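Below is one structure, written out as structure tokens; the observations come after it.
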Amino acid sequence: MDDIRHHIPERPARFIDQLRYHIRSVGLSYPTEQTYVYWVKHFIYFHNKQHPKDLGARHIKAFLSHLAINRHCAVATQKVALNALIYLYRRFFGLALEDASTRFKAIAGGL
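Here this note's numbering is used: the first residue of the sequence shown is 8, the next is one more, and so on.
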């Protein structure tokens, strides 16, 4: 990953740039920004480039299951991916996810 932050316009049009702008505006670190953007992009591509606002808890569950079963990701990796998606839905979109941290415990090996 690059050590230099991407330039983002004041009013970004692209979804990923809007997410980056939001992450920066709340003061999260650059490595956190890179990690969250990485997992959100993978989530979007996993669901055939559907906008995340059109997806929900069952889509998150399918993605986490894919990470665990098909990609053999470690529990810690699954937790990071889940945290990125929780940030996306709760902080960025302002939506509730039926207490995602407990709902996805079994998938991510007992968060």
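Idealized CB from N, CA, C, for every residue including glycine. Note that the structure is a prediction, hence the values are computed from the model and not measured.
Inset, instruction - Report all residues from its chain with a CB closer than 7 angstroms to the CB of Y37; omit the five preceding and five following residues, and keep chain order. - result: Closer than 7 angstroms at Cβ, skipping near neighbours: R12.
- Item | Continuous beta strand (DSSP E) assignments of at least 3 residues falling wholly in the segment 34-75 | List check, beta strand (DSSP E) in window: nothing returned.
**Study point:** First through last residue of the alpha helix (DSSP H) which encompasses F22
**Key:** Its alpha helix (DSSP H) spans residues 22-32.
**Message:** Pop quiz: I23 and K48 are said to be a contact at Cβ under 8 angstroms. What is the actual Cβ separation, rounded to whole angstroms?
**Reply:** Confirmed, about 7 angstroms.
Review point. For the alpha helix (DSSP H) that N77 lies in, which residues bound it at each end?
Key: For N77, no alpha helix (DSSP H) segment is defined, and its DSSP state is neither H nor E.
### Query
With W46 and L92 assumed to form a contact (beta carbons below 8 angstroms), what rounded beta-carbon distance in angstroms separates them?
Yes, they are in contact, since the Cβ atoms of W46 and L92 sit about 7 angstroms apart, within 8 angstroms.
Candidates A20, H14, E17, L26, of which the one nearest R97 by Cα:
Selected option, being the one with the closest Cα: L26.
Margin query: So the candidates are I15, H66, Y43, A20; which of them puts its Cα closest to the Cα of L104?
Written below: Nearest option by C-alpha distance: H66.
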